Amino acid sequence: MAGGASAASAAVGGGRAAAGAGAAAAAGAGAGAAAGAAAGVSAAAASPGALPSPHPLSLYHVFGRIGEGTYGVVYVATTLSSASGGSASSAAGHPPQKRAELLAGARGADNGAGGSLCALPHVADEDGAAEVGHPRTGASSAGTQRKLALKLLKPTKEFDGVSPTAVREMALLRELNHPHVLRLEAVHVHVEEHVLCMVFNYAEYDLYELIRHHRERLAKSPISLHTVKSLLWQVLQGVEYLHSQWVIHRDLKPSNILVTSEIALGGGGMVKIADFGLARIFQAPLRPLHDNGVVVTIWYRAPELLLGARHYTPALDVWAVGCIFAELTALRPLFQGHEVRRSGAPFQKDQLMRICELLGAPTEEIWPTLGHLPHWAANDENVVAAASEASNSALAEARKRRRLNASTPTPGEPPPLLADAAAMGRGSSAHYLLSKMLTFDPSARLTAQGALNDTYFSLEPIPGRNALRPPEGTGAAVSYPPRRVHTEDRGMPQSSEPAQQQQRGNK
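Letter by letter, the sequence shown follows residues 9 to 515 in my numbering.
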(Lines of atoms letter the chains of each structure in order from A and count residues from 1; the text may use other names and numbers.)
(Lines give C-alpha, C1' and ligand atoms only; values in the text may rest on other atoms or scores of the structure.)
Protein backbone atom coordinates (compact mmCIF):
# COMPACT_ATOMS: atom_id res chain seq x y z
CA MET A 1 0.00 0.00 0.00
CA ALA A 2 1.27 3.43 -0.81
CA GLY A 3 0.80 6.78 0.85
CA GLY A 4 -1.80 9.20 -0.40
CA ALA A 5 -3.20 12.67 -0.18
CA SER A 6 -3.77 12.46 3.52
CA ALA A 7 -0.11 11.67 4.17
CA ALA A 8 1.77 14.60 5.52
CA SER A 9 5.49 15.04 5.54
CA ALA A 10 7.12 12.47 7.78
CA ALA A 11 10.22 14.03 6.64
CA VAL A 12 9.34 17.35 8.16
CA GLY A 13 8.93 15.82 11.58
CA GLY A 14 11.94 13.60 10.94
CA GLY A 15 13.96 16.56 9.72
CA ARG A 16 13.66 18.32 13.07
CA ALA A 17 13.84 15.20 15.17
CA ALA A 18 15.90 12.75 13.16
CA ALA A 19 18.88 13.12 15.45
CA GLY A 20 16.88 11.85 18.41
CA ALA A 21 15.03 9.15 16.51
CA GLY A 22 17.50 7.43 14.26
CA ALA A 23 20.20 6.06 16.52
CA ALA A 24 17.86 4.44 19.01
CA ALA A 25 15.79 2.88 16.23
CA ALA A 26 18.71 1.18 14.54
CA ALA A 27 19.35 -1.31 17.31
CA GLY A 28 16.10 -3.23 16.90
CA ALA A 29 15.29 -2.94 13.23
CA GLY A 30 16.90 -6.20 12.18
CA ALA A 31 20.35 -6.05 10.67
CA GLY A 32 19.62 -9.07 8.50
CA ALA A 33 16.71 -7.37 6.78
CA ALA A 34 18.70 -4.20 6.25
CA ALA A 35 21.53 -6.23 4.77
CA GLY A 36 19.03 -7.98 2.50
CA ALA A 37 17.79 -4.62 1.29
CA ALA A 38 21.36 -3.54 0.66
CA ALA A 39 21.97 -6.71 -1.31
CA GLY A 40 19.02 -5.89 -3.52
CA VAL A 41 20.52 -2.50 -4.30
CA SER A 42 23.95 -3.93 -4.99
CA ALA A 43 22.57 -6.57 -7.33
CA ALA A 44 20.75 -3.94 -9.32
CA ALA A 45 23.85 -1.81 -9.51
CA ALA A 46 25.90 -4.73 -10.78
CA SER A 47 23.48 -5.63 -13.57
CA PRO A 48 25.38 -5.77 -16.89
CA GLY A 49 24.62 -2.87 -19.19
CA ALA A 50 22.61 -0.96 -16.56
CA LEU A 51 22.30 2.74 -17.34
CA PRO A 52 23.29 5.27 -14.65
CA SER A 53 20.20 6.10 -12.63
CA PRO A 54 19.12 9.76 -12.24
CA HIS A 55 19.35 11.33 -8.84
CA PRO A 56 15.93 11.06 -7.08
CA LEU A 57 15.65 14.82 -6.69
CA SER A 58 16.01 15.26 -10.46
CA LEU A 59 12.58 13.70 -10.82
CA TYR A 60 10.94 16.65 -9.08
CA HIS A 61 10.94 20.41 -9.15
CA VAL A 62 12.66 21.13 -5.83
CA PHE A 63 12.00 24.53 -4.22
CA GLY A 64 14.43 24.15 -1.33
CA ARG A 65 15.25 22.59 2.02
CA ILE A 66 12.74 22.74 4.89
CA GLY A 67 14.41 20.54 7.50
CA GLU A 68 17.53 18.61 8.35
CA GLY A 69 18.67 16.10 10.93
CA THR A 70 21.49 13.67 11.52
CA TYR A 71 19.99 11.06 9.24
CA GLY A 72 18.35 13.02 6.48
CA VAL A 73 17.45 16.24 4.73
CA VAL A 74 13.92 17.29 3.80
CA TYR A 75 12.98 19.20 0.66
CA VAL A 76 9.70 20.65 -0.61
CA ALA A 77 8.94 19.97 -4.26
CA THR A 78 6.34 19.36 -6.91
CA THR A 79 6.30 16.66 -9.54
CA LEU A 80 7.70 17.22 -13.01
CA SER A 81 5.46 16.32 -15.90
CA SER A 82 7.86 13.49 -16.77
CA ALA A 83 7.48 12.11 -13.27
CA SER A 84 3.72 12.30 -13.22
CA GLY A 85 1.48 9.32 -13.07
CA GLY A 86 3.38 6.05 -13.12
CA SER A 87 6.39 7.21 -15.11
CA ALA A 88 8.49 7.60 -11.99
CA SER A 89 8.06 3.94 -11.19
CA SER A 90 11.32 3.06 -12.87
CA ALA A 91 12.96 6.46 -12.54
CA ALA A 92 15.31 5.30 -9.84
CA GLY A 93 16.99 2.90 -12.24
CA HIS A 94 15.08 -0.19 -11.11
CA PRO A 95 12.08 -1.89 -12.69
CA PRO A 96 9.07 -2.09 -10.34
CA GLN A 97 9.66 -5.75 -9.53
CA LYS A 98 13.25 -5.09 -8.47
CA ARG A 99 12.20 -2.27 -6.15
CA ALA A 100 9.42 -4.50 -4.83
CA GLU A 101 12.11 -7.02 -3.89
CA LEU A 102 14.04 -4.30 -2.10
CA LEU A 103 11.02 -3.21 -0.11
CA ALA A 104 10.05 -6.81 0.56
CA GLY A 105 13.30 -7.03 2.48
CA ALA A 106 12.24 -3.97 4.42
CA ARG A 107 8.95 -5.63 5.29
CA GLY A 108 10.88 -8.49 6.84
CA ALA A 109 12.66 -6.24 9.33
CA ASP A 110 12.27 -7.25 12.95
CA ASN A 111 9.47 -4.99 14.05
CA GLY A 112 8.33 -7.51 16.57
CA ALA A 113 5.58 -9.26 14.60
CA GLY A 114 7.22 -12.55 13.81
CA GLY A 115 9.74 -10.86 11.55
CA SER A 116 7.09 -9.57 9.15
CA LEU A 117 4.60 -6.76 9.01
CA CYS A 118 2.33 -8.78 6.76
CA ALA A 119 0.32 -9.68 9.86
CA LEU A 120 -1.08 -6.17 9.85
CA PRO A 121 -4.40 -5.95 7.99
CA HIS A 122 -4.02 -4.44 4.53
CA VAL A 123 -6.55 -1.61 4.28
CA ALA A 124 -7.57 -0.36 0.86
CA ASP A 125 -6.48 3.19 0.10
CA GLU A 126 -9.66 5.20 -0.13
CA ASP A 127 -7.81 7.97 -1.94
CA GLY A 128 -6.85 5.66 -4.81
CA ALA A 129 -3.10 5.82 -4.25
CA ALA A 130 -0.89 3.74 -6.47
CA GLU A 131 1.67 1.24 -5.23
CA VAL A 132 4.85 2.45 -3.58
CA GLY A 133 7.21 3.70 -6.27
CA HIS A 134 4.37 4.90 -8.48
CA PRO A 135 3.51 8.45 -7.44
CA ARG A 136 0.15 9.69 -8.54
CA THR A 137 -0.25 12.54 -10.94
CA GLY A 138 1.12 15.86 -9.77
CA ALA A 139 -2.02 17.75 -10.75
CA SER A 140 -4.71 18.43 -8.19
CA SER A 141 -8.39 18.79 -8.98
CA ALA A 142 -7.75 22.51 -9.45
CA GLY A 143 -5.12 21.80 -12.10
CA THR A 144 -2.23 22.95 -9.94
CA GLN A 145 0.84 20.97 -8.99
CA ARG A 146 0.57 19.58 -5.48
CA LYS A 147 3.44 19.92 -3.07
CA LEU A 148 5.44 16.96 -1.84
CA ALA A 149 8.02 16.49 0.89
CA LEU A 150 11.11 14.55 -0.12
CA LYS A 151 13.04 12.91 2.70
CA LEU A 152 16.50 12.25 1.34
CA LEU A 153 18.33 9.92 3.69
CA LYS A 154 22.01 10.68 4.00
CA PRO A 155 24.24 7.99 2.52
CA THR A 156 25.53 5.40 4.96
CA LYS A 157 28.99 3.93 4.78
CA GLU A 158 29.64 1.90 1.68
CA PHE A 159 28.01 -1.56 1.80
CA ASP A 160 26.09 -0.69 4.99
CA GLY A 161 22.86 -0.88 3.01
CA VAL A 162 19.58 0.77 3.92
CA SER A 163 19.50 2.21 7.43
CA PRO A 164 17.40 0.14 9.87
CA THR A 165 15.46 3.29 10.78
CA ALA A 166 14.42 3.76 7.16
CA VAL A 167 13.61 0.06 6.83
CA ARG A 168 11.27 0.22 9.81
CA GLU A 169 9.64 3.44 8.68
CA MET A 170 9.03 2.21 5.14
CA ALA A 171 7.70 -1.14 6.31
CA LEU A 172 5.23 0.40 8.74
CA LEU A 173 4.04 3.14 6.44
CA ARG A 174 3.28 0.64 3.69
CA GLU A 175 0.78 -1.05 5.99
CA LEU A 176 -0.82 1.80 7.92
CA ASN A 177 -3.76 3.70 6.48
CA HIS A 178 -5.66 6.31 8.49
CA PRO A 179 -6.65 9.93 7.88
CA HIS A 180 -4.44 11.10 10.75
CA VAL A 181 -1.41 8.91 10.05
CA LEU A 182 0.91 9.75 7.17
CA ARG A 183 1.22 7.39 4.25
CA LEU A 184 4.14 6.80 1.97
CA GLU A 185 3.80 8.04 -1.64
CA ALA A 186 6.92 6.69 -3.30
CA VAL A 187 10.44 5.42 -2.67
CA HIS A 188 13.39 6.10 -4.98
CA VAL A 189 16.76 4.36 -4.68
CA HIS A 190 19.90 5.84 -6.23
CA VAL A 191 22.27 2.92 -6.44
CA GLU A 192 25.49 4.69 -7.42
CA GLU A 193 25.37 7.23 -4.57
CA HIS A 194 23.68 4.93 -2.02
CA VAL A 195 20.81 7.39 -1.60
CA LEU A 196 17.26 6.53 -0.61
CA CYS A 197 14.47 9.09 -1.04
CA MET A 198 11.06 8.76 0.58
CA VAL A 199 8.23 10.87 -0.84
CA PHE A 200 5.31 12.17 1.23
CA ASN A 201 2.55 14.67 0.73
CA TYR A 202 3.40 18.08 2.10
CA ALA A 203 2.04 19.55 5.34
CA GLU A 204 2.55 23.26 5.86
CA TYR A 205 2.54 23.27 9.67
CA ASP A 206 3.41 21.25 12.73
CA LEU A 207 2.32 21.73 16.34
CA TYR A 208 5.75 22.95 17.39
CA GLU A 209 5.53 25.89 14.98
CA LEU A 210 1.88 26.63 15.77
CA ILE A 211 2.64 26.80 19.49
CA ARG A 212 5.74 28.92 18.89
CA HIS A 213 3.74 31.34 16.74
CA HIS A 214 1.27 31.97 19.56
CA ARG A 215 3.99 32.21 22.18
CA GLU A 216 6.42 34.48 20.33
CA ARG A 217 4.53 36.32 17.61
CA LEU A 218 1.08 36.66 19.15
CA ALA A 219 2.31 37.76 22.60
CA LYS A 220 1.31 34.47 24.23
CA SER A 221 -2.23 34.73 22.90
CA PRO A 222 -3.78 31.32 23.67
CA ILE A 223 -4.74 28.86 20.99
CA SER A 224 -8.53 28.78 20.68
CA LEU A 225 -10.37 26.07 22.59
CA HIS A 226 -11.86 24.77 19.34
CA THR A 227 -8.42 24.39 17.78
CA VAL A 228 -6.91 22.75 20.88
CA LYS A 229 -9.81 20.33 21.21
CA SER A 230 -9.87 19.49 17.49
CA LEU A 231 -6.11 18.93 17.33
CA LEU A 232 -6.16 16.70 20.42
CA TRP A 233 -9.15 14.75 19.10
CA GLN A 234 -7.42 14.06 15.80
CA VAL A 235 -4.12 13.09 17.44
CA LEU A 236 -5.95 10.65 19.71
CA GLN A 237 -7.81 9.17 16.75
CA GLY A 238 -4.50 8.54 15.01
CA VAL A 239 -2.89 7.08 18.13
CA GLU A 240 -5.92 4.88 18.83
CA TYR A 241 -5.64 3.52 15.29
CA LEU A 242 -1.92 2.80 15.72
CA HIS A 243 -2.54 0.95 18.96
CA SER A 244 -5.37 -1.04 17.36
CA GLN A 245 -2.80 -2.16 14.78
CA TRP A 246 -0.34 -3.16 17.54
CA VAL A 247 1.97 -0.23 16.82
CA ILE A 248 3.58 2.02 19.43
CA HIS A 249 4.90 5.27 17.97
CA ARG A 250 7.44 5.93 20.78
CA ASP A 251 8.34 9.47 19.73
CA LEU A 252 5.21 11.60 19.86
CA LYS A 253 5.98 15.30 20.32
CA PRO A 254 4.76 18.56 18.76
CA SER A 255 7.27 18.57 15.90
CA ASN A 256 6.10 15.10 14.82
CA ILE A 257 2.45 16.14 14.65
CA LEU A 258 1.90 17.78 11.27
CA VAL A 259 -1.11 19.85 10.22
CA THR A 260 -2.26 20.50 6.68
CA SER A 261 -2.97 23.97 5.33
CA GLU A 262 -6.29 25.22 3.98
CA ILE A 263 -5.26 24.54 0.38
CA ALA A 264 -4.12 20.97 1.03
CA LEU A 265 -5.60 18.17 -1.02
CA GLY A 266 -8.15 16.44 1.19
CA GLY A 267 -8.82 19.45 3.41
CA GLY A 268 -6.98 21.80 5.72
CA GLY A 269 -6.48 21.74 9.46
CA MET A 270 -6.00 17.97 9.55
CA VAL A 271 -3.48 16.26 11.80
CA LYS A 272 -0.96 13.84 10.30
CA ILE A 273 1.21 11.84 12.72
CA ALA A 274 4.75 11.66 11.33
CA ASP A 275 8.18 10.13 11.87
CA PHE A 276 7.91 6.40 12.48
CA GLY A 277 11.63 5.73 12.84
CA LEU A 278 11.18 4.59 16.45
CA ALA A 279 7.81 2.90 16.03
CA ARG A 280 7.53 -0.80 16.91
CA ILE A 281 5.03 -3.62 16.79
CA PHE A 282 4.26 -4.60 20.38
CA GLN A 283 2.29 -7.82 19.79
CA ALA A 284 4.54 -10.75 20.75
CA PRO A 285 7.79 -9.00 19.73
CA LEU A 286 10.72 -11.21 18.80
CA ARG A 287 13.02 -8.79 20.58
CA PRO A 288 12.23 -6.93 23.81
CA LEU A 289 11.20 -3.36 23.09
CA HIS A 290 13.89 -2.04 25.41
CA ASP A 291 16.53 -3.45 23.06
CA ASN A 292 16.20 -0.20 21.10
CA GLY A 293 17.62 1.77 24.02
CA VAL A 294 16.34 5.25 24.78
CA VAL A 295 13.03 6.15 23.16
CA VAL A 296 10.74 9.19 23.36
CA THR A 297 12.16 12.71 23.54
CA ILE A 298 12.84 13.46 27.19
CA TRP A 299 10.17 16.11 27.89
CA TYR A 300 7.50 13.68 26.66
CA ARG A 301 8.95 10.53 28.25
CA ALA A 302 6.65 8.58 30.58
CA PRO A 303 7.75 7.95 34.19
CA GLU A 304 8.01 4.18 33.69
CA LEU A 305 10.67 4.82 31.04
CA LEU A 306 12.49 7.30 33.27
CA LEU A 307 12.61 4.69 36.03
CA GLY A 308 14.12 2.06 33.74
CA ALA A 309 11.13 -0.12 32.80
CA ARG A 310 12.24 -2.98 30.54
CA HIS A 311 8.70 -3.83 29.49
CA TYR A 312 6.32 -1.10 28.47
CA THR A 313 3.01 -0.62 26.73
CA PRO A 314 1.12 1.81 24.45
CA ALA A 315 0.43 3.82 27.61
CA LEU A 316 3.71 5.65 26.99
CA ASP A 317 2.17 7.18 23.83
CA VAL A 318 -0.82 8.42 25.84
CA TRP A 319 1.52 10.10 28.32
CA ALA A 320 3.24 11.89 25.44
CA VAL A 321 -0.11 13.03 24.03
CA GLY A 322 -1.04 14.35 27.47
CA CYS A 323 2.15 16.41 27.51
CA ILE A 324 1.28 17.75 24.04
CA PHE A 325 -2.24 18.62 25.24
CA ALA A 326 -0.82 20.70 28.10
CA GLU A 327 1.66 22.38 25.75
CA LEU A 328 -1.17 23.42 23.44
CA THR A 329 -2.94 25.17 26.32
CA ALA A 330 0.09 26.59 28.15
CA LEU A 331 2.23 27.33 25.05
CA ARG A 332 5.29 25.77 26.68
CA PRO A 333 6.42 22.24 27.51
CA LEU A 334 4.83 20.93 30.70
CA PHE A 335 7.85 19.05 32.10
CA GLN A 336 11.07 20.78 31.05
CA GLY A 337 13.75 18.70 32.68
CA HIS A 338 17.48 18.93 32.07
CA GLU A 339 18.72 15.96 30.06
CA VAL A 340 21.85 14.10 31.07
CA ARG A 341 23.76 13.40 27.88
CA ARG A 342 26.20 10.54 28.09
CA SER A 343 26.55 7.07 26.62
CA GLY A 344 24.17 4.35 27.63
CA ALA A 345 20.81 5.13 29.19
CA PRO A 346 21.59 7.36 32.19
CA PHE A 347 18.98 7.99 34.87
CA GLN A 348 17.20 11.24 34.04
CA LYS A 349 16.54 12.33 37.61
CA ASP A 350 15.81 15.99 36.87
CA GLN A 351 13.06 15.09 34.39
CA LEU A 352 11.39 12.84 36.96
CA MET A 353 11.59 15.61 39.56
CA ARG A 354 9.80 18.02 37.21
CA ILE A 355 6.97 15.49 37.03
CA CYS A 356 6.85 15.00 40.79
CA GLU A 357 6.61 18.76 41.32
CA LEU A 358 3.26 18.84 39.53
CA LEU A 359 1.84 15.36 40.16
CA GLY A 360 3.26 14.60 43.58
CA ALA A 361 5.58 11.75 44.48
CA PRO A 362 4.64 8.27 43.24
CA THR A 363 3.98 5.57 45.83
CA GLU A 364 3.36 1.85 45.64
CA GLU A 365 -0.17 2.54 46.83
CA ILE A 366 -1.03 4.33 43.59
CA TRP A 367 1.50 2.43 41.46
CA PRO A 368 1.77 -1.18 42.70
CA THR A 369 4.67 -2.16 40.42
CA LEU A 370 6.74 0.91 41.29
CA GLY A 371 9.09 -1.06 43.55
CA HIS A 372 10.07 -3.32 40.65
CA LEU A 373 11.39 -0.52 38.44
CA PRO A 374 15.20 -0.56 38.35
CA HIS A 375 16.01 3.05 39.29
CA TRP A 376 13.38 3.16 42.05
CA ALA A 377 14.31 -0.24 43.48
CA ALA A 378 18.02 0.66 43.53
CA ASN A 379 17.14 4.15 44.83
CA ASP A 380 19.52 5.64 42.27
CA GLU A 381 20.63 9.13 43.27
CA ASN A 382 18.36 8.88 46.33
CA VAL A 383 15.36 9.15 44.03
CA VAL A 384 12.77 8.00 46.60
CA ALA A 385 13.47 10.84 49.00
CA ALA A 386 14.11 13.30 46.18
CA ALA A 387 10.67 12.66 44.68
CA SER A 388 8.94 13.49 47.98
CA GLU A 389 11.12 16.54 48.45
CA ALA A 390 10.35 17.83 44.95
CA SER A 391 6.62 17.40 45.53
CA ASN A 392 6.66 19.01 49.00
CA SER A 393 8.79 21.93 47.82
CA ALA A 394 6.42 22.64 44.93
CA LEU A 395 3.41 22.59 47.24
CA ALA A 396 5.16 24.84 49.76
CA GLU A 397 6.04 27.32 47.04
CA ALA A 398 2.45 27.30 45.81
CA ARG A 399 1.15 28.01 49.30
CA LYS A 400 3.69 30.78 49.71
CA ARG A 401 2.36 32.40 46.56
CA ARG A 402 -1.21 31.75 47.76
CA ARG A 403 -1.98 29.64 44.74
CA LEU A 404 -3.03 26.64 46.82
CA ASN A 405 -5.39 26.92 49.76
CA ALA A 406 -5.55 23.28 50.88
CA SER A 407 -2.65 21.96 52.91
CA THR A 408 -2.47 18.87 50.70
CA PRO A 409 -4.11 17.92 47.40
CA THR A 410 -7.47 16.22 47.90
CA PRO A 411 -7.29 12.44 47.34
CA GLY A 412 -9.06 11.42 44.17
CA GLU A 413 -8.94 14.92 42.75
CA PRO A 414 -6.61 15.89 39.89
CA PRO A 415 -3.39 17.56 41.07
CA PRO A 416 -4.10 21.31 41.43
CA LEU A 417 -0.61 22.37 40.36
CA LEU A 418 -1.09 20.45 37.12
CA ALA A 419 -4.00 22.71 36.19
CA ASP A 420 -1.96 25.81 36.97
CA ALA A 421 1.00 24.67 34.88
CA ALA A 422 -1.24 23.68 31.97
CA ALA A 423 -3.21 26.95 32.10
CA MET A 424 -6.44 25.07 32.74
CA GLY A 425 -9.18 25.80 35.22
CA ARG A 426 -8.91 23.66 38.34
CA GLY A 427 -11.52 20.95 38.27
CA SER A 428 -12.39 21.64 34.62
CA SER A 429 -13.12 18.82 32.19
CA ALA A 430 -9.76 19.53 30.53
CA HIS A 431 -8.00 19.26 33.91
CA TYR A 432 -9.63 15.91 34.66
CA LEU A 433 -8.83 14.51 31.21
CA LEU A 434 -5.22 15.62 31.41
CA SER A 435 -4.75 14.10 34.87
CA LYS A 436 -6.08 10.74 33.63
CA MET A 437 -3.65 10.81 30.70
CA LEU A 438 -0.77 11.64 33.04
CA THR A 439 -1.39 8.95 35.66
CA PHE A 440 1.83 7.47 37.08
CA ASP A 441 0.72 3.84 36.82
CA PRO A 442 0.65 2.95 33.10
CA SER A 443 -1.92 0.19 33.71
CA ALA A 444 -4.29 2.78 35.21
CA ARG A 445 -3.54 5.46 32.63
CA LEU A 446 -6.33 6.31 30.24
CA THR A 447 -6.11 4.61 26.85
CA ALA A 448 -6.41 6.57 23.61
CA GLN A 449 -9.90 5.15 23.13
CA GLY A 450 -10.80 6.03 26.71
CA ALA A 451 -9.61 9.59 26.14
CA LEU A 452 -11.76 9.89 23.00
CA ASN A 453 -14.77 8.83 25.06
CA ASP A 454 -14.10 11.42 27.76
CA THR A 455 -16.71 14.04 28.65
CA TYR A 456 -14.30 16.78 27.57
CA PHE A 457 -15.05 16.11 23.89
CA SER A 458 -18.83 16.12 24.31
CA LEU A 459 -18.85 19.70 25.62
CA GLU A 460 -18.88 22.80 23.44
CA PRO A 461 -17.05 23.56 21.29
CA ILE A 462 -17.29 20.17 19.60
CA PRO A 463 -14.03 19.19 17.83
CA GLY A 464 -14.10 19.70 14.08
CA ARG A 465 -12.52 18.15 11.01
CA ASN A 466 -10.67 21.41 10.27
CA ALA A 467 -8.84 22.28 13.46
CA LEU A 468 -7.67 25.66 12.14
CA ARG A 469 -11.08 26.99 11.10
CA PRO A 470 -13.31 28.08 14.01
CA PRO A 471 -17.05 27.40 13.88
CA GLU A 472 -19.03 30.06 12.07
CA GLY A 473 -19.71 33.10 14.20
CA THR A 474 -17.06 32.29 16.83
CA GLY A 475 -14.22 34.46 15.55
CA ALA A 476 -11.67 34.68 12.79
CA ALA A 477 -9.15 31.99 11.98
CA VAL A 478 -5.52 32.62 12.89
CA SER A 479 -3.21 33.14 9.92
CA TYR A 480 -0.12 31.00 10.46
CA PRO A 481 3.09 31.66 8.52
CA PRO A 482 4.26 29.05 5.99
CA ARG A 483 7.35 26.97 6.55
CA ARG A 484 10.66 28.60 5.85
CA VAL A 485 12.17 27.25 2.66
CA HIS A 486 15.94 27.51 2.20
CA THR A 487 15.99 28.03 -1.55
CA GLU A 488 19.79 28.13 -1.71
CA ASP A 489 19.84 24.39 -0.96
CA ARG A 490 17.94 22.29 -3.46
CA GLY A 491 19.84 19.11 -2.75
CA MET A 492 21.06 18.36 -6.27
CA PRO A 493 24.66 17.25 -6.82
CA GLN A 494 26.38 19.60 -9.26
CA SER A 495 26.78 16.78 -11.75
CA SER A 496 23.03 16.13 -11.84
CA GLU A 497 20.46 17.94 -13.91
CA PRO A 498 16.68 17.77 -13.74
CA ALA A 499 15.35 14.87 -15.75
CA GLN A 500 13.60 17.11 -18.25
CA GLN A 501 16.83 19.01 -19.01
CA GLN A 502 18.67 15.74 -19.54
CA GLN A 503 16.01 14.60 -21.99
CA ARG A 504 16.15 17.85 -23.94
CA GLY A 505 19.94 17.69 -24.04
CA ASN A 506 19.83 14.21 -25.56
CA LYS A 507 17.55 15.21 -28.43
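Glycine included, C-beta positions come from ideal geometry on N, C-alpha and C. Computed from a prediction, not measured in an experiment: that's the story for all the values here.
Euclidean distance between Cα positions of residue i and residue j
i       : j       : result
Trp-375 : Val-255 : 25 angstroms
Lys-228 : His-222 : 5 angstroms
Leu-426 : Leu-367 : 7 angstroms
Gln-359 : His-198 : 42 angstroms
Gly-420 : Val-236 : 26 angstroms
Gln-291 : Lys-408 : 49 angstroms
Gly-276 : Ala-404 : 46 angstroms
Tyr-488 : Tyr-216 : 12 angstroms
Ser-401 : Ala-386 : 24 angstroms
Thr-321 : Ile-289 : 11 angstroms
Glu-177 : Ser-396 : 41 angstroms
Pro-230 : Leu-467 : 19 angstroms
Arg-473 : Gly-481 : 17 angstroms
Val-70  : Leu-88  : 10 angstroms
Glu-365 : Tyr-83  : 41 angstroms
Ala-174 : Gly-433 : 43 angstroms
Chain-order list of residues whose beta-carbon lies under 8 angstroms from that of residue i (same chain, five-residue window excluded)
i       : result
Arg-5   : This structure gives no information on residue 5, because the portion of the chain shown stretches from 9 to 515.
Trp-307 : Lys-261, Cys-331, Pro-341, Leu-342, Phe-343, Gln-344, Gly-345 and Gln-359
Ser-436 : Ala-427
Leu-381 : Glu-312, Leu-315, Gly-316 and Ala-317
CB of residue i within 8 angstroms of CB of residue j, strictly
i       : j       : result
Gly-499 : Leu-160 : yes
Gln-356 : Leu-314 : yes
Pro-370 : Pro-311 : yes
Met-361 : Ala-394 : yes
Ala-328 : Val-304 : yes
Leu-339 : Ala-429 : no
Thr-495 : Gly-80  : no
Glu-379 : Glu-373 : It should be pointed out that residue 379 corresponds to Gly in this sequence rather than to Glu. It is not a contact, given that the beta carbons lie outside the stated cut-off.
Glu-335 : Pro-422 : no
Ala-452 : Leu-441 : no
Ser-269 : Ala-475 : no
Glu-248 : Ala-456 : yes
Ala-287 : Pro-450 : no
Val-243 : Val-279 : yes
Phe-284 : Leu-218 : no
Leu-554 : Val-207 : No answer is possible for residue 554: it lies beyond the span of the chain, which begins at 9 and ends at 515.
Glu-193 : Asn-209 : yes
Thr-337 : Ala-431 : yes
Glu-200 : Ser-351 : no
Proximity test, residue i beta-carbon vs the ligand GTP heavy atom, cut-off 7 angstroms
i       : result
Thr-268 : As for the ligand GTP, it is missing from this structure, which has no ligand bound.
Simplified DSSP state of residue i, which is helix, strand or coil
i       : result
Tyr-216 : helix
Lys-408 : helix
Phe-333 : helix
Gln-153 : strand
Arg-176 : helix
Ile-256 : strand
Ile-74  : strand
His-319 : coil
Leu-158 : strand
Asn-209 : strand
Ile-265 : strand
Ile-306 : helix
Gly-275 : coil
Thr-495 : coil
Val-197 : strand
His-188 : coil
His-346 : coil
Arg-288 : strand
Ala-85  : strand
Val-203 : strand
Gly-368 : coil
Ile-281 : strand
Tyr-79  : coil
Spatial neighbours of residue i in its chain, beta-carbon cut-off 6 angstroms, leaving aside the 5 residues before and after
i       : result
Val-189 : Gly-246 and Ile-281
Leu-240 : Phe-333
Cys-205 : Pro-64, Leu-158, Leu-160 and His-196
Thr-447 : Arg-453
Same chain only: Cβ atoms within 7 angstroms of residue i, ignoring 5 sequence neighbours per side
i       : result
Pro-478 : Ser-232, His-234 and Ala-485
Ser-443 : Pro-422, Pro-423 and Leu-426
His-383 : Leu-315, Gly-316, Phe-355 and Val-391
Pro-490 : Glu-212
Glu-389 : Phe-355 and Lys-357
Thr-463 : Ser-437
Report task. Please specify which runs of the alpha helix (DSSP H), each continuous and at least 4 residues long, are wholly inside the region 220–245, giving them in chain order. Result -> none
**Report entry** Entirely enclosed alpha helix (DSSP H) segments - the region 412–491, minimum 4 residues
**Finding:** 424–429, 437–445 and 456–460
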